[in-house]
Amino acid sequence: MRRLFPVTHQTADSGSGPAPGADGTDREWSLAELASAYAYPERDAGGAGVWLRANMVSTLDGAAQHDGRSQPISSAADMRIFGTLRALADVVVVGAETVRREGYRPARARAEFAALREAAGQGPAPAIAVVSAGLELDFSLPLFTSPLAPTLILTGAAAAPDRIAAARKAGARVVIAGEGAGVDPARAVRALAELGHTRLLTEGGPRLLGQLTAAGVLDELCLTVSPMLTAGDAQRIAGGPSVAVPHRFELVSLLEEEGFLFSRYRRV
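Under full-length UniProt numbering, the sequence shown has 191 at position 191, and the numbering climbs by one with no breaks.
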């Protein structure tokens, strides 16, 4: 990462204070400044309050992937923000197909954020929560065998008992968050909150983000707009059935580096 340019600063009531570089200078933002700019909203006096944000990337023509993966349309700065958002979260929620396609591994502890996480009462790294109806996952992967925090699997009550048993044998914690085979997004958010996870981050994929959007549980979208055109028939950042009435979000901040735009929107 080289430089980030503040284009539109944090709103006054964003809870994060003034944005770094408010004088418009051309300079690199530190990890500490990024963590401040992307801080979760303050919880209420009782410590309650769940906040679900999504982090996605899209090309200029709306593709969320190229050749089935998001990495080809990303950048070094995008990955720097990706790491910062993970470092702020209690748990990273991701769909099973994305786990398979992107080769997900456990979230790692990062020394740069150790003090910040300790002050927030968090462990050294966020847990990964995989949303899966069929539990067709490879439980021999490091995501399940060697995470710093036990991997969670969100599934429905009708999930196959043998797959649930296999997940638990591998060390995963199975959380029932739906009456049928699938997961109810609102119930999943509540279940994670009951486990003490209130700073939620989802990295998709598009199908999961579409479900969270339709359920009305998404509070914030951090969207990287990549200065690329891919054409083809790649998925958008959110898939599935459309909502009856479009959900309105407001722009909170906008950063730019080498043509990549890093936007942050909150639900109105």
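For every residue, glycine included, the Cβ atom is placed at its ideal position computed from N, Cα and C.
Just the C-alpha distance for residue i and residue j, rounded to the nearest angstrom, thanks.
{"i": "residue 223", "j": "residue 106", "result": "23 Å"}
{"i": "residue 88", "j": "residue 191", "result": "20 Å"}
{"i": "residue 177", "j": "residue 164", "result": "13 Å"}
{"i": "residue 118", "j": "residue 124", "result": "8 Å"}
{"i": "residue 238", "j": "residue 63", "result": "10 Å"}
{"i": "residue 198", "j": "residue 52", "result": "8 Å"}
{"i": "residue 21", "j": "residue 162", "result": "Confidence is the limiting factor: at residue 21 the pLDDT is only 47, short of 50, which leaves the residue's position unreliable, though a coordinate-based value still follows. Between residue 21 and residue 162, the C-alpha separation is close to 54 Å."}
{"i": "residue 227", "j": "residue 65", "result": "13 Å"}
{"i": "residue 111", "j": "residue 31", "result": "11 Å"}
{"i": "residue 280", "j": "residue 80", "result": "Past the edges of the chain, shown from 1 to 268, lies residue 280, and the structure says nothing about it."}
{"i": "residue 113", "j": "residue 151", "result": "21 Å"}
{"i": "residue 242", "j": "residue 135", "result": "26 Å"}
{"i": "residue 147", "j": "residue 267", "result": "32 Å"}
{"i": "residue 202", "j": "residue 179", "result": "22 Å"}
{"i": "residue 259", "j": "residue 141", "result": "36 Å"}
{"i": "residue 212", "j": "residue 168", "result": "26 Å"}
{"i": "residue 185", "j": "residue 143", "result": "22 Å"}
{"i": "residue 262", "j": "residue 181", "result": "36 Å"}
{"i": "residue 196", "j": "residue 99", "result": "23 Å"}
{"i": "residue 221", "j": "residue 247", "result": "12 Å"}
{"i": "residue 250", "j": "residue 116", "result": "28 Å"}
{"i": "residue 294", "j": "residue 137", "result": "The question about residue 294 has no answer here: the residues shown for the chain are numbered 1 through 268."}
{"i": "residue 84", "j": "residue 245", "result": "32 Å"}
Specify the secondary structure class of residue i as computed by DSSP and reduced to three states.
{"i": "residue 264", "result": "strand"}
{"i": "residue 160", "result": "coil"}
{"i": "residue 127", "result": "strand"}
{"i": "residue 27", "result": "strand"}
{"i": "residue 226", "result": "strand"}
{"i": "residue 255", "result": "strand"}
{"i": "residue 91", "result": "strand"}
{"i": "residue 187", "result": "helix"}
{"i": "residue 144", "result": "helix"}
Strictly by DSSP, which residues pair up with residue i?
{"i": "residue 54", "result": "202, 221"}
{"i": "residue 208", "result": "For residue 208, which the question treats as bridged, DSSP gives no partner whatsoever."}
{"i": "residue 155", "result": "176"}
{"i": "residue 99", "result": "Note: residue 99 sits in no beta bridge, so no partner."}
{"i": "residue 66", "result": "69"}
{"i": "residue 249", "result": "267"}
{"i": "residue 59", "result": "226"}
Since residue i and residue j are thought to touch, with beta carbons under 8 Å apart, how far apart are those beta carbons, to the nearest angstrom?
{"i": "residue 183", "j": "residue 131", "result": "5 Å"}
{"i": "residue 57", "j": "residue 36", "result": "That pair is no contact at about 22 Å."}
{"i": "residue 204", "j": "residue 77", "result": "Contact doesn't hold; Cβ gap of about 19 Å is too wide."}
{"i": "residue 139", "j": "residue 159", "result": "Their Cβ separation, rounded to whole angstroms, is 14 Å, which puts residue 139 and residue 159 out of contact at 8 Å."}
Item to check | Contact between the region 88 to 99 and the region 226 to 243 (3+ Cβ pairs under 8 Å) | outcome: Cβ pair count under 8 Å is below three, so no.
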